[in-house]
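What follows is a set of notes on a single structure, which appears directly below.
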Amino acid sequence: MCKDTFQMTVTLSSFQGMQGTQAALSVGERPPLPWESHPPDPIALVPAGASHPVTQRRHRCIAAIQEVQLSALRSFLPEPQQHDTKKTLLLIDPGYHANVGDHMITVAEQEIFKRLGWKAEVEAYSRTMQKTWQGNTDPPAKTSSESHYLECHYIQAAELVPHCQDVIQAIAQQSATPQQQQQQQLLAVWHGGGNWGDLWPSVHRARLEQSFQALLRANFSVYGMPQSLYYREKVVQDYDARLLKHQIQKGLLGREKPSPVMLTWREHESFDQAQQLYPYVQHSVLPDIAFQLGPYNWRDFVQPAETRAQVDFLFLLRRDHESMILPPQKEANDDNDEGEQEHGGALNATAMAEHIRNAVNLAMEKSGSRDSFQSSFRVVDWPDRLHLFQSKDPFFTKTAIQLLAMGRVLICDRLHAAILAFLTDHIPFVYLDQSTGKISKCLRLALDSAGNGCNSGNSAPDALGFSRADNLTDAIQKAGQLLKLS
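Below, the structure written as C-alpha cells:
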C-alpha cells in the first residue's frame, strides 16, 4: 500500500472521567455506579489439547499466577470464620473512577477476597454519596456474622464509599480496650496499582499522610496490594521514605512488635528499591492482581459482523505524560494511575495520524516493499468503548474486550490492555513500554512467578502470542509477524 493511498481510521474520544460518560447518556440519565456495573464473565480454564496452542499455554500460566497470588494472600488474610476472633477486612480507596485498568484491579481484589472466603460483595452494605459515618459507632457493613468486609475512600473511590477517616475512627472505638483488641482482627488492604511515587502524586500523598498512622493506631495490620514504585525526583523519594517511617512510628506509639505492614510489588525492580528505602516494613513480590481475573473468550462478547469488520492492527495508545509514543494533549488529571482522563478536548487527529502514518511508512520501507504491506489500522483508547458500543458504563465491562477484539493484532502501551489481551483467548499483542517500563517489568515478574516455561514469552512471540517493541516501527513489523502466526 503506497503512501498516498494509505488509509487509517482514527477514533477520538471526548470522555473525561465519570463526567465524560454524559456524552452517551440521555437527559436525566446517570452512568452506572460501580456496583451496578457488570464485569465480563470468565470461562473455565481449557484442558490441554482442547484449544489453540497459545490459549493452552496462556491458561496454564494464568492458573499458576493465580495460585501464587492466592497462596500469598492466605498468609495475611485468614479465612473469615477461622479462629475465635471477629475479623474486619477494609479495602482502602478502590478504583471507582472511569479507568479500565484501575477498575480491573478493584474487581480482581474483590474476586480474590471471595476466593479466600470473604463476602466481598458490594451489596453487603449501603453506600451513599451524601451520608457520612461521622458520629456513628457501628461500621456500616455490620451484619449478623462475625466478619465484615468494608470499603472506604481517600481519592480514587471518590465519595461513593465512606471516608476512611470516619471508618477507621468508628472501628477504633469498638476496639478501644485490650480485651476488645484481643477479640478482633483488623485487616486493611490498600488498593494496588501504579501510583507509588510522584508520577500520580495525589493518591500517594493521601496514602502516606493520612492512612498509615491512623490504621496502625487503630490496631490494623496493613497490606499493600501489588504496586509499581517510581519517582522522578530523588528529593521527593527520600522525603517520602522519612515520612512513611515517621507515620508508622507514630501509629505504633512505641510498641515493640514485628512490623504489621506488608508491601507487595509487581516488579522485581520496585521490590529491590523498596527494600532499600523502607527497611522497617515487610516486602514481597506479587504479580499485578488483575491476573486474578479471567480467562476470557472474546467470541462470547463479539458478534460475527464485528469479527468481519476487524482491522489488522489495533493501536490502543495512551495520551498522558507516561506516553513515550504520542505527545500528551494536556496534563492528565492525577487521580488515577493509568492516566485515562486525558481526553479533555478533541485530540489533535492530524498530528496523531501523521505520527502513526510515518511509522507505518518506515515499517513498509524496512519490509522491502511498500506494495506487499497491505494492512488496515485503527487507533483507539479505552474511553472510545462508550460510543463505539453505545455503552453508558465507564467501568471494566465486556466493552473492554470488545474493543481489543476490533483488531487481529493489538499494539498497545497500556499495562492493563496487555494484561487483558493475555487473559483473553489468544489475542496476539505487541506492547511498547511507557515512561517507567512497567509493562515489561510487570509481565516479567508475573510470568517468572508462574514458571513452567511461562517466562519464555518475551523472547518467543509464537509461544505466548505477544512481543515487546522498541518503537512504533518495530511494533508494526512484529505485529506483522504475529499476524502471520494467528
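Just so we're on the same page, my numbering is the position in the sequence shown counted from 1, plus 665.
For glycine and all other residues, C-beta sits at the position ideal for the given N, C-alpha and C.
All values derive from a computational prediction rather than experimental measurement.
Label residue i either buried or exposed according to how many other C-beta atoms from any shown protein chain fall within 10 Å of its C-beta, with 16 as the threshold for buried.
| i | result |
| --- | --- |
| residue 1115 | buried |
| residue 1106 | buried |
| residue 739 | exposed |
| residue 1117 | exposed |
| residue 704 | buried |
| residue 972 | exposed |
| residue 984 | buried |
| residue 1149 | exposed |
| residue 709 | exposed |
| residue 907 | exposed |
| residue 745 | buried |
| residue 804 | The pLDDT assigned to residue 804 is 45, lower than 50, so where the model puts this residue is not dependable; a value taken from the coordinates is nonetheless given after this. By the 10 Å Cβ count, residue 804 comes out buried. |
Where does residue i fall in DSSP's three states?
| i | result |
| --- | --- |
| residue 742 | coil |
| residue 1150 | helix |
| residue 860 | strand |
| residue 1031 | helix |
| residue 753 | strand |
| residue 1130 | coil |
| residue 953 | coil |
| residue 816 | strand |
| residue 865 | coil |
| residue 699 | helix |
| residue 795 | Low confidence applies here, because residue 795 scores a pLDDT of 33, under 50, leaving its location unreliable; read the following figure in that light. Three-state result, residue 795: coil. |
| residue 704 | coil |
| residue 1043 | strand |
| residue 877 | helix |
| residue 1113 | helix |
| residue 667 | Because the pLDDT of residue 667 is 37, which lies under 50, any placement of that residue in the model is unreliable, and the number read from its coordinates should be weighed accordingly. Coil. |
| residue 1061 | coil |
| residue 888 | strand |
| residue 783 | coil |
| residue 821 | coil |
| residue 763 | coil |
Can you tell which of the options has its C-alpha closest to the C-alpha of residue i?
| i | options | result |
| --- | --- | --- |
| residue 625 | 1137, 976 and 756 | One cannot answer for residue 625 here, as it falls past the ends of the chain, which runs 666 to 1151. |
| residue 1089 | 722, 698 and 697 | 722 |
| residue 1046 | 1029, 1075 and 1031 | 1075 |
| residue 724 | 1148, 1129 and 1134 | 1129 |
| residue 926 | 701, 878 and 707 | 878 |
| residue 1080 | 1103, 1139, 1063 and 1059 | 1103 |
| residue 1028 | 1146, 930 and 1057 | 1146 |
| residue 774 | 1142, 982 and 889 | 889 |
| residue 707 | 966, 1082 and 764 | 966 |
| residue 1093 | 744, 989, 1133 and 1111 | 1133 |
| residue 1031 | 1110, 1048 and 1142 | 1142 |
| residue 1041 | 1021, 1054 and 1058 | 1021 |
| residue 1071 | 1049, 752 and 1061 | 1049 |
| residue 981 | 951, 1085 and 886 | 1085 |
| residue 631 | 862, 867, 848 and 894 | Only positions 666 to 1151 of the chain appear in the structure, and residue 631 is not among them; the question remains open. |
**OP:** Please confirm if the stretch 851-859 is in contact with the stretch 751-760, defined as three or more CB-CB distances below 8 Å between the two stretches.
**Re:** yes
Original post:
So, do the stretch 909-923 and the stretch 956-970 have three or more beta carbon pairs nearer to each other than 8 Å?
Top reply: no
**OP:** Determine contact between the stretch 905-913 and the stretch 931-950, defined as no fewer than three beta-carbon pairs at a distance below 8 Å.
**Re:** yes
Subject >> Every unbroken alpha helix (DSSP H) within the stretch 1068-1101, with a cutoff of 4 residues, ordered by chain >> reply: 1080-1088
Original post:
Which parts of the stretch 903-937 are runs of the beta strand (DSSP E), unbroken and 3 residues or longer, counting only runs that do not cross its ends?
Top reply: 926-930
Original post:
Would you call the stretch 868-875 and the stretch 812-820 in contact, with 3 or more CB pairs under 8 Å?
Top reply: yes
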